[in-house]
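Asker: Shown below is the structure under consideration.
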Amino acid sequence: MRDQRPAVILLVIFLVSGILLVKLFAIQVLDDSFLKRAESNAIQRIVDHPYRGLVYDRSGKLMVFNNPIFDLMVVPREFHVGDTTKFCELFRISKEALIEGFTAAKNYSKVKPSPLIKQLSTRDFARIQDFLVDYPGLFILTRSVRSYPSATAAHALGYIGEINGGQLERDTVGYYSQGDYVGLSGLEKYYENELRGKKGVKYKMVNVRGVDKGPFKEGEYDTISIAGKNLTSTIDLELQRYGELLLNGKTGSVVAIEPKTGEILAMISAPFYDPNQLTGAEFGKTYSKLNKDSSKPLFNRPIMAVYPPGSIFKIVQSLIGLQEGVLTPNSTFACNKSLVACHNHPNPVNLFGAIRNSCNPYYHQAFRQIINREVSSNTFKDTEIGLNAWRESVLKFGLGAPLGIDVSGEKGGDIPSSKLYDRIYGAGHWKYSTIYSLSIGQGEMQVTPLQMANLAAIFANKGYYYTPHLVKAIDGNPKKIPAKFQEKISVGIDARHFDLIQDAMVEAIYGTSARAVMTDLVIAGKTGTAQNPHGEDHSVFIAFAPKDNPKIAIAVYVENAGWGGRAAASTASLMIEKYIRRTISRPELQEYVIAGNFIY
Amino acid sequence: MKESEVQINRVDWIAVSIYFALVTIGWFNIYAVVYDSQVEKSIFDLSISSGKQLVWIGTAIGLITLIMVADYRFFEKLSLVIYLIFLLILIVTPIFGKEVNGQILSIGIGEFRIQPGEFAKFATALALAKVMERPTFDLSKRNYQAIAFGVLLIPIILILLQPDTGTAMVYFSLLIMFYREGLPQWYYGLGIGSVGITLLALGVDNNLYLAAIIILVVGGLIYLGKKSWQRILAFSLIGIGLIAYIYSLDFVVSQLPPHQQNRVMVLFNPDLDPLGVGWNVTQSKIAIGSGGFFGKGYLEGTQTKFDFVPEQDTDFIFCTLGEEFGWIGSLVVIGLFVGLLYRLVIMAERQKTRFSRIYGYGVISILLFHFVVNISMTVGLFPVVGIPLPFFSYGGSSLWSFTVLLFIFIKLDSSRASQLGRIS
């Protein structure tokens with residue numbers, strides 16, 4: 001019995017050691033939660049936020065930059081104020097504010113920094129810099145906010161703001177984290193990936209009291225931040241500001257495009273706001289104020305507002321008719337006012353005269369020939385086939401669907417197909433007499449100002465366009481912009497058909513909008529009037545100039561300003577002069593537009 | 001001189017090698033604890049623990065030399081004297097000692113301080129060996145049991161007065177030595193049973209369940225066995241006693257000082273208060289658990305280096321090993337301890353005198369208890385008791401006392417040829 005006892009003791013030794021090894025195996029090898037807890041204990045991940053890319057205008061003038069702001073931070077444990085009165089004097093802070101800020105900081109953490117004075121100006125920063133060394137536990141944290149030196153083009157540039165929950169969820173690669181700033185609209189949103197740069201990460205070790213113990217593994221896992229790419233905008237800053245001067249106090253849009261490239265020279269949405277208001281600490285307050293404003297200053301009209309195209313659409317009808325062979329320059333129709341109302345002009349007119357005089361009955365009759373080709377003996381069926389074929393031709397002009405500009409929120413407008421009328425009237429219950437309003441750009445069709453400006457560019461280019469866009473180069477390289485903006489798109493109309501159109505547009509100005517005429521610069525334009533059931537009609541005008549070798553195509557919408565020949569044509573004419581001549585020779589016209597009394 | 005030459009050849013080099021292996025690994029671990037990559041200091045720097053520990057190691061080697069050149073008879077002859085001297089020091093320690101955190105553990109002059117509670121271990125083992133060496137001494141007899149327990153309990157009581165519960169518990173490990181020397185097995189059955197009941201009572205929230213189980217078991221035993229009234233009475237009394245014990249435990253625990261109460265509660269619920277009472281165990285488990293299979297590499301541990309684990313160079317030194325060398329490192333160190341203990345059992349069994357054998361089992365008992373309880377506490381298997389890991393933990397008293405404890409036995413073992421066989 002007793003002889004077994006040494007063996008029992010050995011057995012106990014092996015048994016308890018075995019238990020220890022099994023327990024150690026369980027927590028060291030099988031359970032990896034301890035590793036994560038160890039990391040969260042001792043390793044702090046510090047994100048190094050890169051500078052967001054800058055935005056320049058087409059001539060290299062700065063439009064958006066990062067303005068440093070300075071927060072005075074305090075580490076409560078290290079901070080010794082000494083003479084409170086002297087401190088308050090030096091830092092220009094009241095005693096109460098000091099106590100309040102310090103208490104808040106202390107309640108947050110004794111060893112981690114908290115802001116004591118937020119958003120010091122550069123001048124205050126320079127002033128207190130020298131005193132800082134006397135106060136341990138104080139340091140300056142530099143952050144940056146977006147800043148807009150010329151306070152213009154708010155809608156096109158957009159704004160940045162804190163990322164929201166939905167955006168975080170969609171961020172499947174895990175780049176963003178709570179509290180990050182992202183582009184929420186305009187170029188800031190569209191070019192987010194280019195502008196944001198690349199975040200850097202530093203891993204540093206901290207001990208149990210949170211004191212910095214140097215980089216983790218000598219910084220082996222650290223990455224340095226890479227600043228965002230700079231954008232060169234297509235915007236002509238001077239033209240943009242001039243457009244905002246003209247549209248100030250009005251409601252409407254101006255879109256100016258360089259026809260040969262699709263580059264947007266100016267894009268004005270009125271009413272507008274100062275983009276500097278939507279930055280930094282004021283963002284939330286300003287945003288909700290602007291959002292509640294009944295004049296909808298946040299609404300980006302050039303790409304979001306939709307109107308019937310009106311008389312301007314007659315040019316598209318002419319081009320489709322010519323291309324299809326339904327019309328020739330000599331096609332003549334009587335101005336039969338029993339079909340649709342018109343104003344007094346020489347009668348009958350050929351195609352040139354129809355455009356020049358914007359003759360409604362002409363297009364009523366011409367459109368019937370485009371639609372009803374008698375491919376079917378059933379007139380209802382024939383209309384349906386004709387409408388859908390016509391719609392295909394219209395869509396090629398960049399209408400009826402978003403063009404794809406590099407600003408989010410673009411609307412596509414609407415070009416009706418047979419399906420719409422089937423839904424309204426029932427299949428087989430509608431024919432040409434139901435849809436004839438389309439002939440003069442009224443009825444169930446809608447377009448955006450941007451699409452109208454693009455239309456002007458198509459007329460200027462004699463049949464092609466580039467998708468309008470706001471950025472011409474990324475980091476100075478024009479090839480880096482999205483490929484779709486470098487692709488020439490044909491509208492399917494032979495160039496020869498445009499000569500007559502362009503001539504008629506030049507002539508039309510003399511008839512309908514004499515104010516837009518300039519003696520030494522040939523402008524081709526067309527007025528339109530978008531009918532508004534809620535009040536005065538909207539004044540619409542598109543144009544391009546100079547007629548030979550066009551440099552600018554433009555669409556102007558001024559809401560509730562009546563006839564297109566006044567507000568819109570005058571604005572467009574001034575914009576064209578400003579862009580091509582860089583100076584205004586008609587101060588009285590400028591005054592007329594700025595004053596804004598267009599209804600008389 | 002001739003005699004000592006013979007003895008050198010008889011020194012058990014396996015045990016000595018394991019000792020030096022453990023001391024060396026321990027020393028490197030102490031450096032890992034204090035290592036700071038920002039203020040790089042040499043492992044020999046006397047301003048940090050590793051440098052000081054090297055001094056302790058050097059002086060420990062001096063002690064080893066003294067023990068090895070001394071006459072083996074010295075330890076047997078003077079065992080009771082040594083025992084009495086340390087009892088005396090234990091008595092005066094609370095009077096002249098230095099108070100730290102309500103405990104008076106050390107005594108000394110100026111910088112030179114020792115913890116008599118540590119050294120009294122080998123003194124008690126020596127005294128028990130001396131007392132029990134007589135062939136007539138039979139632990140199955142009551143009067144001899146009383147003598148043995150008397151020698152054991154005196155230092156325990158004195159140490160509890162300091163008060164140092166952890167060190168006092170170590171002395172109970174000598175029950176392993178008593179087991180080898182013939183203390184009846186029912187003592188151990190009773191002991192293990194009562195510990196089991198106690199753990200159950202503390203661990204199970206509702207004592208009613210335990211009481212119900214006891215009533216069922218006792219009732220079953222009465223029903224199945226012979227139904228004499230003595231038997232029924234005895235079983236009933238045992239059952240009532242157990243139930244009373246279970247219910248009184250909660251009261252006893254509530255009477256304990258709060259820090260000891262908490263240590264007990266944390267054992268059953270480690271997540272009870274991870275930032276407060278559970279901090280030590282939680283952080284210790286994080287440090288060890290984050291080591292993984294191969295560890296983070298020497299000096300790469302973040303948990304112990306940055307002070308997340310308290311008392312990391314002394315009682316929680318195993319955390320550093322577990323974090324930086326992983327499970328493999330734990331296996332090696334536990335393997336070394338098991339190897340040493342195994343070797344000591346072999347050595348104890350080959351002794352010719354009962355004195356040497358009893359002392360050998362005293363060494364085995366104390367080392368086994370320290371090693372198992374210390375590591376168990378770092379992984380949350382045992383309440384936090386402040387006892388060091390032998391040969392590893394930083395500190396002179398600890399290293400010296402374990403060195404003396406071990407090498408007296410190695411000396412006795414090396415001299416076994418010259419000892420008179422009096423084994424029973």
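Protein sequence lines, in the order shown, are assigned to chains U and P.
Numbered per our numbering, the first sequence finishes at 600, counting up by one with no gaps.
Numbered per our numbering, the second sequence finishes at 424, counting up by one with no gaps.
Glycine included, each C-beta is placed from N, C-alpha and C at the ideal position.
Just so you know, these numbers come straight off a predicted model, no measurement behind them.
Restricting to Cα atoms, I'd like to know which of U:M73, U:C359, U:K189 is closest to U:P346.
Answerer: For the purposes of this step, residue 346 of chain U is taken as residue 346 along the first sequence, with counting starting at 1. That would be U:C359, whose Cα lies nearest to the Cα of U:P346.
Asker: Kindly list, in the order they appear in chain P, the residues whose Cβ is closer than 7 Å to that of U:P6.
Answerer: If you number the first sequence from 1, residue 6 of chain U lands on position 6. Simply R180, V345, E349.
Asker: Which residues bound the alpha helix (DSSP H) around P:I240?
Answerer: Along the second sequence, one-based indexing puts residue 240 of chain P at 240. Its alpha helix (DSSP H) spans residues 229-255.
Asker: Mind listing the chain U neighbours of P:S290? Cutoff is C-beta to C-beta under 7 Å, in chain order.
Answerer: Position 290 of the second sequence, counting from 1, holds the residue named residue 290 of chain P. Within chain U, the residues near P:S290 are F34, L35, A38.
Asker: At which residue ranges does the stretch 231-292 of chain U contain complete alpha helix (DSSP H) runs of 4 or more residues, listed in the order of the chain?
Answerer: List check, alpha helix (DSSP H) in window: 237-247, 283-292.
Asker: Under a three-way DSSP split, which group does U:K198 fall into?
Answerer: Taking the first sequence and counting its residues from 1, the one referred to as residue 198 of chain U is at position 198. Of the three classes helix, strand and coil, the one that applies to U:K198 here is strand, per DSSP.
Asker: So, does the CB of P:D313 fall closer than 7 Å to a CB anywhere in chain U?
Answerer: Residue mapping note: residue 313 of chain P aligns to position 313 of the second sequence, counting from 1. Cβ-Cβ to chain U under 7 Å: no for P:D313.
Asker: Could you name the residues of chain P that U:A42 contacts, counting a contact when the two beta carbons are closer than 7 Å?
Answerer: For the purposes of this step, residue 42 of chain U is identified with residue 42 of the first sequence, where counting begins at 1. Result: T302, Q303, F306, F308.
Asker: Ignore the nearest five residues each way along the sequence and tell me which others in P:E221's own chain have a CB closer than 7 Å to its CB.
Answerer: The residue you call residue 221 of chain P lines up with position 221 of the second sequence. Going by the sequence as given, residue 221 of chain P is Leu instead of Glu. Around P:L221: F235.
Asker: Cα separation between U:Y600 and U:R566?
Answerer: Within the first sequence, the letter at position 600 stands for residue 600 of chain U. Within the first sequence, the letter at position 566 stands for residue 566 of chain U. In a straight line, the C-alpha of U:Y600 is about 10 Å away from that of U:R566.
Asker: If the cut is a Cβ gap below 7 Å, which residues of chain P does U:N207 touch?
Answerer: Taking the first residue of the first sequence as position 1, residue 207 of chain U is located at position 207. Near U:N207 (Cβ distances below 7 Å), the residues of chain P are F306, D307.
Asker: Going straight from the alpha carbon of U:A514 to that of U:Y362, what length do you get?
Answerer: Here the question's residue 514 of chain U lines up with position 514 in the first sequence. Here the question's residue 362 of chain U lines up with position 362 in the first sequence. Rounded to whole angstroms, U:A514 to U:Y362 spans 23 Å at the Cα level.
Asker: Contact criterion: CB-CB distance below 7 Å. Does U:L20 meet it with respect to chain P?
Answerer: Reading the first sequence from its first residue, position 20 is the one you call residue 20 of chain U. Chain P, which has a Cβ nearer than 7 Å to the Cβ of U:L20, makes this yes.
Asker: Measure the Cβ-Cβ separation of P:I317 and P:F392 and say whether it is below 7 Å.
Answerer: Position 317 of the second sequence, counted from the start, is the residue given in the question as residue 317 of chain P. Position 392 of the second sequence, counted from the start, is the residue given in the question as residue 392 of chain P. Yes, the pair counts as a contact, with Cβ atoms nearer than the cut-off.
Asker: Do P:I30 and P:D205 count as a contact pair if the criterion is CB distance below 7 Å?
Answerer: Taking the second sequence and counting its residues from 1, one reaches residue 205 of chain P at position 205. Taking the second sequence and counting its residues from 1, one reaches residue 30 of chain P at position 30. No, these two residues do not count as a Cβ contact at 7 Å.
Asker: Where does U:A483 land, buried or exposed, given buried means 16+ other C-beta within 10 angstroms?
Answerer: If you number the first sequence from 1, residue 483 of chain U lands on position 483. Under this definition U:A483 is an exposed residue.
Asker: Between U:L72, U:G596, U:R301, which lies nearest to U:S114 when the distance is taken from Cα to Cα?
Answerer: Position 114 of the first sequence, counted from the start, is the residue given in the question as residue 114 of chain U. If we check each option's Cα against that of U:S114, U:L72 comes out closest.
Asker: Check for me: the alpha helix (DSSP H) holding P:K130 runs from which residue to which?
Answerer: Along the second sequence, read from residue 1 onward, the residue named residue 130 of chain P stands at position 130. Start and end: 116-132.
Asker: Where do the N-terminal and C-terminal ends of the beta strand (DSSP E) with P:D413 fall, by residue?
Answerer: Here residue 413 of chain P refers to the residue found at position 413 when the second sequence is read from its first residue. Element bounds for P:D413: not the beta strand (DSSP E) but the alpha helix (DSSP H), 396-414.
Asker: DSSP state of U:R586, grouped into three classes?
Answerer: Mapped onto the first sequence, residue 586 of chain U falls at position 586. Looking at U:R586 - three-state DSSP - the assignment turns out to be coil, as it is neither helix nor strand.
Asker: In this structure, how does DSSP classify U:D222 when only helix, strand and coil are distinguished?
Answerer: In the first sequence, the residue the question calls residue 222 of chain U occupies position 222. Here U:D222 sits in coil by DSSP.
Asker: Hey, is U:V201's beta-carbon within less than 7 Å of any beta-carbon in chain P?
Answerer: Start at 1 with the first residue of the first sequence, and residue 201 of chain U comes out as number 201. Not an interface residue.
Asker: Quick one: is P:F137 near chain U, going by C-beta distance under 7 Å?
Answerer: Residue numbering aside, residue 137 of chain P sits at position 137 when the second sequence is read from its first letter. Not closer than 7 Å to any Cβ of chain U, the Cβ of P:F137 fails to qualify, so no.
Asker: Shortest alpha-carbon distance to U:E392 belongs to which of U:E282, U:D180, U:E324, U:N164?
Answerer: One-based indexing of the first sequence puts residue 392 of chain U at position 392. Of U:E282, U:D180, U:E324, U:N164, the residue nearest in Cα terms is U:E324.
Asker: Kindly list the residues whose CB is nearer than 8 Å to the CB of U:N230, restricted to its own chain and excluding five residues on each side of it in sequence; keep chain order.
Answerer: As a position in the first sequence, residue 230 of chain U is number 230, starting the count at 1. Contacts found: G53, L54, V55, Y56, I474, D475, G476.
Asker: Identify every residue that forms a DSSP beta bridge with U:T142.
Answerer: Taking the first residue of the first sequence as position 1, residue 142 of chain U is located at position 142. In DSSP, U:T142 forms a bridge with U:F70.
Asker: Would you verify that the beta carbon of P:S330 is, or is not, closer than 7 Å to some beta carbon of chain U?
Answerer: The residue given as residue 330 of chain P occupies position 330 in the second sequence. Judged by the 7 Å Cβ criterion, P:S330 is in contact with chain U.
Asker: Just the C-alpha distance for U:Y159 and U:L450, rounded to the nearest angstrom, thanks.
Answerer: Here residue 159 of chain U refers to the residue found at position 159 of the first sequence. Here residue 450 of chain U refers to the residue found at position 450 of the first sequence. Approximately 21 Å between the Cα atoms of the pair.
Asker: Counting Cβ pairs closer than 8 Å, one from the stretch 25-39 of chain U and one from the stretch 178-193 of chain U, do we hit at least three?
Answerer: With the cut-off at 8 Å, the stretch 25-39 of chain U and the stretch 178-193 of chain U do not touch.
Asker: Give a yes or no on whether 7 Å exceeds the smallest Cβ distance from P:I286 to chain U.
Answerer: Counting from one through the second sequence, the residue named residue 286 of chain P turns up at place 286. Taking Cβ atoms only, chain U reaches closer than 7 Å to P:I286, which makes this a yes.
Asker: At a Cβ threshold of 7 Å, is P:I48 touching chain U?
Answerer: Reading the second sequence from its first residue, position 48 is the one you call residue 48 of chain P. No, P:I48 does not count as interfacial toward chain U.
Asker: Grab the span of the beta strand (DSSP E) containing U:Y601 for me, first residue to last.
Answerer: Because chain U here runs from 1 to 600, residue 601 of chain U falls outside it and cannot be looked at.
Asker: Rounding to the nearest angstrom, what Cα-Cα distance links P:I107 and P:F86 in this structure?
Answerer: Taking the first residue of the second sequence as position 1, residue 107 of chain P is located at position 107. Taking the first residue of the second sequence as position 1, residue 86 of chain P is located at position 86. Near 12 Å, if we compare the C-alpha coordinates of P:F86 and P:I107.
Asker: Return the residue from the list P:L299, P:L399, P:T167, P:Y19 that minimises the CA-CA distance to P:V385.
Answerer: Residue numbering aside, residue 385 of chain P sits at position 385 when the second sequence is read from its first letter. Of the listed residues, the one whose Cα sits closest to P:V385 is P:T167.
Asker: Which same chain residues end up closer than 8 Å to P:N280 when comparing Cβ atoms and leaving out the 5 residues on each side of it in sequence?
Answerer: On the second sequence, residue 280 of chain P is found 280 positions in, with the first residue counted as 1. Same-chain partners within the cutoff: V309, P310, E311, F316, V384.
Asker: Can you say whether P:R357 is buried or exposed, counting buried as having 16 or more other CB atoms within 10 angstroms of its CB?
Answerer: Taking the first residue of the second sequence as position 1, residue 357 of chain P is located at position 357. Result: buried.
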